[in-house]
Each structure stands twice: as C-alpha cells, then as structure tokens.
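Student: Residue numbers (my numbering), protein chains in the order written: chain A, 31 to 452; chain B, 10 to 368. Attaching a single structure in structure tokens format; questions to follow.
Printed below as a string of structure tokens:
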C-alpha cells in the first residue's frame, strides 16, 4: 500500500465520520468552525417547514445563534406565465399561489385586472366574490391553526380542522366543479352562479362554525397550559419591526397593528359589512394564534351578512368584449360569435393603464401590479406574495430562539411556499 | 408424560414455561397496543382507523410487522456500526426483562426477587443507553439532538419515578412486588378492627394512600416511556424522527416494539404499586376451587387494569401538545423533584405516626 492512497482513505473516513463538516460556502456566510456551534440544515424537505422552505441554522446547543432562510425551491415563473397567457388563462395558475384558499387568489387577481380599467362589477357578483373569498379565508385559517397545533404536538386539533375544511371543499366542488383548483372567477364576472340550495347549506355551516371552533380548537388549546407555555413570549415581533419588514395579514395584526385592507381601502363592497379586525397585544406566537381564530369567526359574520342581503341580478358585466355572450345568441348571431371567438382566443379586452391592487388574503396582502397595454395579456404583472414578505423577518425572529421554537414560530407565521416562491 | 408434567412442577420447569408464555404474550400485547393506539386515536379524531386486516383491523400490526421484516435492512455508511446495531436490541430487552418481576397473578411471576422494584428501575435505566447510543451512533444531527434530549430527559425523570415509588415501599415495608400487592388486598384497619368489605378493600389500594405519589409516578412514567406530552426525543415536527431517524426496517421496528413494551411494563408496575395488581376487592378469589381458572381470572384482572392505563396514556397523547426541552427540564427538576421529596418526607412522618398510633 502506498502512502498517498492510505492518506486519501483516511481522509474519506474522516469526512464521513466528522460530526460537523463546515463547507467553505458556510464559512463565507460568516460561520466560524472554531466556535463549536452546530450547523443544522432544516429543509427544504422537512415535516414542519410547510413546503419547500430551507433554513440554515447555526446553533449553540438547542439555541439558535443565526438563521438564514433560503427560498425559491418552488419558483415557477408565475409572473411570466401571466404575461404569456393573459388574464383569464392565468386564473388557474393563481390557484397554486396560496393553495389553502385558491378561491381568494382567483378573486384577487380578477379584481386587480378589473381595477386597471375601472370595470364596475354587478352587485351580485361582488357579494358572491366576498362570500367565496371569506370561505377561502376560513379554510386557510383552519389549516393554519390546525398545522400550528400539529407542529406543537396536538395532532387531534389538526384533524378536527380538516373535518371542517372538508365541508368547505364540498361547497367549492358544488360551486366550481373542482374541490381544490377552483379557477372560479373571470375578468368581469364569475364562471358560474351558485347552484340551487348552495347558499342555504353554506349558511348552516357558517352558522355553526364558531361554536365548533370553540369546542374543538379553543377548548383544547387556548387555555391549555402547555400550549400557552409553548407560545407566549415566543417569536415576539414588536410593532415597529413588523411594519419595518412589511408584514401583512395576521402576522402584522398579531403585533398590534390594526391594518386590514378590507377596512383601509375597501373593495368588492366590504364597507357594507360589519366586522371587527382583531389585533394582538404582545406580538408573540400566541397572539398570532388568537388573531387567526378570531378572524375565522369574523369571516363567518361577513358571510352571514353577505348571504342575508345577496342581491339578484347578473353575475357578469354586460360587455361582450370582456365576458362571453349567451351561448344561444352565439349560435344564431354573427356579432356574438365574433365576441365569443375573441374573448376566448385573445382574452378580454382591457383598457390601457397601470394599477396596483392589493387584496386582504388569508396570509396577508396579495397584491397585483398590472400594466395593461390594451390587449388580452398584461404587458407586465408583478405579484406581491404575503408569505414572502412575512418570511423575511425570520432571521430577526428566530435569533436566540430554541430549536423547538423554530417550528412554533414558522407555524405562527403561517406561510405557503407556493405563494412565497411563485 | 408424567415425567414431563413433573418437570413443569419444578421451579426451573415452571420458570421456563412462564418465560415462554410472557415472552410470547408481551409482543402480542404490544401488537394489540399498537392497534389500540391507532383505533383510539382514530376514535378521538373522528376517523375510522385501521379496519381492513382481520376482524376490526386487529391483524394490522402483524401485516406491518411482516412489512418491516421484508424491508431492506439498510446500514448507512456513516454510522458507528457496533453501537448502531446494539442500540435497537438495548431498546427491547430492558422492558421485557423488567416484566419478569411483575406479578400478574397470585404467585405468578417469573422471578420473585426480594429487591423487586429495584430490578425494574435498574433495567429501565439501561433503556437510556438505547436512545443515547442510537442517536449518537447514527452520526446524524437530528438523531444526535434526539439522543441527547432522550438521555437528559430519562435521567431526570427517573429520579422522580424512584422517589415517588419509595412512598409505597415505606407503607408496605417490603420491596417485593408480591408483598406490595397482597398488602393492598387486606382491607382497612378502622377503630382497631379489620374491615375487609368491598369499600375498605377498594380504599386499601395505594392510589388512595399515595395520591400525590401516584400522580407523580404516572407523570414520570409518561416521560420515561417518551410519551406525549414528553415525546421530545422523537418530536417529529422538529427532529424528523429523533434518535431513530437513521433506522429502518426491523431495527426501527425494534425501537418501536421497545417503546410499546416499556409502556406495558410501566403500566404493569403502576398497576402493581397503586392499583392492587391482580386483586379486585376480594373478587380475585372467585374461582378458589379451580387453581387454573383462578390464575386465568387474576391474569385477566391484571390485564384489564393495564389496558385501562394504556388507554389513558393513549388518550393523553392525542389530547395535549408537546413540551419544550427547557420547560420539560424545569418541570422535572424545579417542580416535580421538590414535590416528590416533600411527599416522601410527609409519607415517612405519616407512616411513623401511624405506627405509633397502632402500637
């Protein structure tokens, strides 16, 4: 045996058994191998990173010294897709943003396109969009709270939440034909009106939901000493820091900032509905949990009001350059046939203009900056995903936390990587 | 034939039979327990649970076991081989051995040791090595953290477990578990006369004489068996699978078996120490005429109590969230340990005062 070979073999053994192998890359990021700290790579495939989030943790024992989030594993070029396919054909892609409330994304993107050229929807369409996106919010918050509980170890709550979400999936199926990827809205209207009896059964479901949430979630968690110990004082985001990082949604309101786009710049007639915006006190994970549960109940209130005063009438704007004409007239009249052909192949004809529109989605402000050049396709569509901005505070909020707090904090921020990476 | 039957009558022969029976029944009980856990969890969570393999899905565990046996036995390249192979074995053996001293019927135990419970504690201490070694030998960070957590947790809570159980032995005056059981079946001495009706016998159970001790013992037992809310070593939301992250196929199944066997053992110990073991307010002598039936009846009583405890443990697991590491340590060292020492002193004083009074 020649000496170089044995040295090489020894090296291989050493790297294979070395407990901490610091790569040059990590050193360049400021990791000091002599510090005795441990580098722990969490994700992109990890049970509690809720998707493909990767976090590099530098740990001293169980304590986090430094953290570096790494996003982008689920990037699919959504903005470019919008420019290539046009407004209506982009709607199915928005199902894959925050896939826990696909219908809310549909509503947001269609409303954004309409805002560019000031299209005014018929009142029935507005109310139906409100009902649908609030159902989406309930569905997303149920999963947010449920997955939160599961990460802390209370698995049963997760399944109770899923039982409720199952009903919402059924309503989505009845409304749109799809349970998950609903693609319900169109620019200038909706793909279809509610089926007979749908509103009544949604009303029954929403009527009883706050009681069931209290029984199945709050009684098990809110006053549970283990749950309170695990969450209070963990992942504190002060008011100014939350605003500084541009957090939105429950993550911002949990820090005590009363900011809800449904109140601040009402769209779809949200100003007609009577609801409260819950805010937290301390900005910790426990407050974010409380805010989410309360928002769930407020959404129920909104839906009940919207159903009670739902107006009759059309669900589409009566402009055939935007929405398809009646099928019967398409078969008999030349003008309508041309409209149908143009709307389907070229897309709805929007006015020229640029406009940013932000909708208050379950995770926060889902914003679309739409630059329309008068064709069926946007010249540019920029998407502001709330999950991305909410995750930006991770290095701040994870510092000095325990390893077990990482899952609590991640779950309390309630992000969806589909929306973050787009 | 007679020679064979006579041999069974000898101490060695009967011990061999008992070992064979216990050694086979416990894994059966474990497979039943896994099924019970999944069915109870499903019941709590509004689901169905396994119900396809065999009646009520009872054979599901055996199907899973077959799957484990036929899976490829992966040996990762970066592990410390001897320790890595030793750890699963160490996880299974201690709880099985600990069962040897627990009486499951009158005079029915594999080893009637004078030191009884000390042996149980000694063996359960060895179980720490399985977790620590498994985590360390895997040479993986998640497994390492799991292993460190496990050893710290088990060592801390063993103290409370031992101190809580001491009260029982002060009352009984013996470490032999058989004596502990019979002592709970006498009835109460009230106004100088021995009352041995249903109620006095019921309140003769140590759980009424040692309520706080029993509570402490039960909580520490949950921590000792890594059950929720103390399941940190394998907290799947943080550590993937904790100390057994790098294990697969039958080696993983051994960890699994060990954990559930430990649950059975600790429930058996709790039953013996606090719930009167195989006695049932005099009803344990229902079939005094036929010894075989009597023994079976007492085993049934014992098993019933154990299954009740196991159900409680499962019930707790699917209800509460998980502690954090530092909170767990605080609870163990700053709260439960002082309380158990205080309770021990109180028990000692009370026992002394009672002895003075009776004399």
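For glycine and all other residues, C-beta sits at the position ideal for the given N, C-alpha and C.
Within a Cβ cutoff of 7 Å, which residues of the same chain sit near residue 145(A), ignoring the five residues on either side of it in sequence?
Tutor: Within the first chain, numbered from 1, the residue matching residue 145(A) stands at position 115. Closer than 7 Å at Cβ, skipping near neighbours: 385, 387.
Student: Nearest by alpha-carbon distance to residue 169(A): which of 432(A), 60(A), 325(A), 411(A) is it?
Tutor: Start at 1 with the first residue of the first chain, and residue 169(A) comes out as number 139. The candidate whose alpha carbon is nearest that of residue 169(A) is 325(A).
Student: Measure from the C-beta of residue 307(B) to each C-beta in chain A and report whether the shortest distance is under 8 Å.
Tutor: Translated into positions along the second chain, residue 307(B) becomes position 298. For residue 307(B), the answer is no, since every Cβ of chain A falls outside 8 Å of its Cβ.
Student: So, at 8 Å on beta carbons, what are the nonlocal neighbours of residue 208(A) in its own chain, with the 5 sequence-adjacent residues on each side left out?
Tutor: Counting from 1 along the first chain, the entry for residue 208(A) is found at position 178. So the list reads 202, once near-sequence residues are dropped.
Student: Where does the unbroken alpha helix (DSSP H) through residue 115(A) begin, and where does it stop?
Tutor: On the first chain, position 85 is the one that residue 115(A) refers to. Counting along the chain, the alpha helix (DSSP H) containing residue 115(A) begins and ends at 108-115.
Student: Distance, Cα to Cα, residue 354(B) vs residue 362(B)?
Tutor: On the second chain, position 345 is the one that residue 354(B) refers to. On the second chain, position 353 is the one that residue 362(B) refers to. Rounded to the nearest angstrom, the two C-alpha atoms are 12 Å apart.
Student: Counting only C-beta atoms, is residue 324(B) closer than 8 Å to chain A at any point?
Tutor: Taking the second chain and counting its residues from 1, one reaches residue 324(B) at position 315. It does not; no Cβ of chain A falls within 8 Å.
Student: At what residue ranges does the region 286-364 of chain B contain a whole run of the alpha helix (DSSP H), taking only runs of 4 or more?
Tutor: For the region 286-364 of chain B, whole alpha helix (DSSP H) runs of length 4 or above, ordered along the chain, are 300-326, 334-338.
Student: Please report how far the alpha carbon of residue 92(A) lies from the alpha carbon of residue 432(A), in whole angstroms.
Tutor: The residue you call residue 92(A) lines up with position 62 of the first chain. The residue you call residue 432(A) lines up with position 402 of the first chain. Rounded to the nearest angstrom, the two C-alpha atoms are 5 Å apart.
Student: Taking only beta-carbon positions, decide if residue 44(A) is within less than 8 Å of chain B.
Tutor: Here residue 44(A) refers to the residue found at position 14 of the first chain. Caution is warranted here: a pLDDT of 44 is assigned to residue 44(A), below 50, making its placement in the model unreliable, and the coordinate value is therefore given only provisionally. No, residue 44(A) lies away from the interface with chain B (no Cβ there is under 8 Å from its Cβ).
Student: What runs of the alpha helix (DSSP H), each 4 residues or longer, lie entirely inside the region 256-294 of chain A?
Tutor: Counting whole runs of 4 or more residues, the region 256-294 of chain A contains the alpha helix (DSSP H) stretches 269-274, 280-283, 291-294.
Student: Please state the DSSP three-state secondary structure of residue 400(A).
Tutor: Start at 1 with the first residue of the first chain, and residue 400(A) comes out as number 370. Here residue 400(A) sits in strand by DSSP.
Student: Which whole-angstrom value describes the C-beta separation of residue 46(B) and residue 325(B), a residue pair presumed to lie in contact below a C-beta threshold of 8 Å?
Tutor: By one-based count along the second chain, residue 46(B) stands at place 37. By one-based count along the second chain, residue 325(B) stands at place 316. Rounded, the Cβ-Cβ distance is 12 Å, inconsistent with contact.
Student: In chain order, what residues of the same chain have a beta carbon less than 8 Å from the beta carbon of residue 52(B), not counting five sequence neighbours either side?
Tutor: Start at 1 with the first residue of the second chain, and residue 52(B) comes out as number 43. Around residue 52(B): 58.
Student: Shorter than 8 Å from the beta carbon of residue 247(A) to some beta carbon of chain B?
Tutor: Here residue 247(A) refers to the residue found at position 217 when the first chain is read from its first residue. Residue 247(A) does not count as touching chain B.
Student: List the residues that DSSP assigns as beta-bridge partners of residue 306(A).
Tutor: Taking the first residue of the first chain as position 1, residue 306(A) is located at position 276. The partner list for residue 306(A) (beta bridge, DSSP) is empty, contrary to what the question assumes.
Student: Measuring only between beta-carbons, confirm whether residue 228(A) sits less than 8 Å from chain B.
Tutor: The residue you call residue 228(A) lines up with position 198 of the first chain. Chain B, which has no Cβ nearer than 8 Å to the Cβ of residue 228(A), makes this no.
Student: Just the chain A side, please: which residues come within less than 8 Å of residue 332(B) by C-beta, in chain order?
Tutor: Here residue 332(B) refers to the residue found at position 323 when the second chain is read from its first residue. Going along chain A in sequence order, the residues near residue 332(B) (Cβ under 8 Å) are 256, 259, 260.
Student: Can you confirm whether residue 183(A), when its beta carbon is compared against all beta carbons of chain B, has any partner nearer than 8 Å?
Tutor: Taking the first residue of the first chain as 1, we reach residue 183(A) at position 153. Residue 183(A) counts as touching chain B.
Student: Could you please tell me which residues of the region 59-78 of chain A, in chain order, have their CB closer than 9 Å to any CB of chain B?
Tutor: Within the region 59-78 of chain A, the qualifying residues are 68, 69, 70, 71, 72, 76, 77, 78.
Student: With a Cβ-Cβ cutoff of 8 Å, do residue 117(B) and residue 281(B) count as a contact?
Tutor: Position 108 of the second chain holds residue 117(B). Position 272 of the second chain holds residue 281(B). Cβ atoms of residue 117(B) and residue 281(B): not closer than 8 Å.
Student: Does the beta carbon of residue 335(B) come closer than 8 Å to any beta carbon on chain A?
Tutor: One-based indexing of the second chain puts residue 335(B) at position 326. Yes, residue 335(B) counts as interfacial toward chain A.
Student: Which same chain residues end up closer than 8 Å to residue 27(A) when comparing Cβ atoms and leaving out the 5 residues on each side of it in sequence?
Tutor: Residue coverage of chain A in this structure runs from 31 to 452, which leaves residue 27(A) outside it and unanswerable.
Student: Quick one: does residue 36(A) have its CB under 8 Å from some CB of chain B?
Tutor: Working through the first chain from its first residue, we reach residue 36(A) at position 6. Caution is warranted here: a pLDDT of 45 is assigned to residue 36(A), below 50, making its placement in the model unreliable, and the coordinate value is therefore given only provisionally. Chain B, which has no Cβ nearer than 8 Å to the Cβ of residue 36(A), makes this no.
Student: In whole angstroms, what is the alpha-carbon distance linking residue 143(A) and residue 193(A)?
Tutor: The count along the first chain starts at 1 and reaches residue 143(A) at position 113. The count along the first chain starts at 1 and reaches residue 193(A) at position 163. Between residue 143(A) and residue 193(A), the C-alpha separation is close to 35 Å.
Student: With 16 as the cutoff for other CB atoms within 10 Å, does residue 345(A) come out buried or exposed?
Tutor: For the purposes of this step, residue 345(A) is identified with residue 315 of the first chain, where counting begins at 1. By the neighbour-count rule (16 or more Cβ atoms within 10 Å), residue 345(A) is buried.
Student: Let me check one thing: in DSSP terms, what residues is residue 97(A) bridge-paired to?
Tutor: Here residue 97(A) refers to the residue found at position 67 when the first chain is read from its first residue. Bridge partners of residue 97(A): 87(A).
Student: Tell me the residue span of the alpha helix (DSSP H) that contains residue 420(A).
Tutor: Position 390 of the first chain, counted from the start, is the residue given in the question as residue 420(A). Start and end: 416-421.
Student: Along chain A, which residues have their Cβ under 9 Å away from the Cβ of residue 53(B)?
Tutor: Taking the first residue of the second chain as position 1, residue 53(B) is located at position 44. Going along chain A in sequence order, the residues near residue 53(B) (Cβ under 9 Å) are 186, 189.
Student: Looking at the C-beta of residue 395(A), does it have a partner C-beta in chain B at a distance below 8 Å?
Tutor: Position 365 of the first chain, counting from 1, holds the residue named residue 395(A). No, its Cβ sits nowhere closer than 8 Å to a Cβ of chain B.
Student: Which residues in chain D sit within 9 Å of residue 204(A), going by Cβ to Cβ distance?
Tutor: The question asks about chain D, but that chain is absent: this structure's protein chains are A and B.
Student: Strictly below 9 Å CB to CB, what residues from chain B border residue 282(A)?
Tutor: On the first chain, position 252 is the one that residue 282(A) refers to. Correct list: empty, because the minimum Cβ distance to chain B is about 25 Å.
Student: Quickly, what does DSSP pair residue 389(A) with across the bridge? List them, please.
Tutor: Taking the first chain and counting its residues from 1, the one referred to as residue 389(A) is at position 359. DSSP, once it has assigned bridges, lists 396(A) as partnering residue 389(A).
Student: Using a Cβ-Cβ cutoff of 7 Å, what residues of the region 38-68 of chain B are near chain A? List them in chain order.
Tutor: So the list reads 53, 54, 55, 56, given in the order they occur along the chain.
Student: What do you get for residue 222(A), buried or exposed, if any count of 16 or more other CB atoms within 10 angstroms of its CB means buried?
Tutor: Working through the first chain from its first residue, we reach residue 222(A) at position 192. By the 10 Å Cβ count, residue 222(A) comes out exposed.
Student: Give me, in chain order, the residues of the same chain whose beta-carbon lies closer than 6 Å to that of residue 309(A); leave out the 5 immediate sequence neighbours on both sides.
Tutor: Taking the first chain and counting its residues from 1, one reaches residue 309(A) at position 279. Counting only Cβ-Cβ distances below 6 Å, and skipping sequence neighbours, we find 283, 286, 288.
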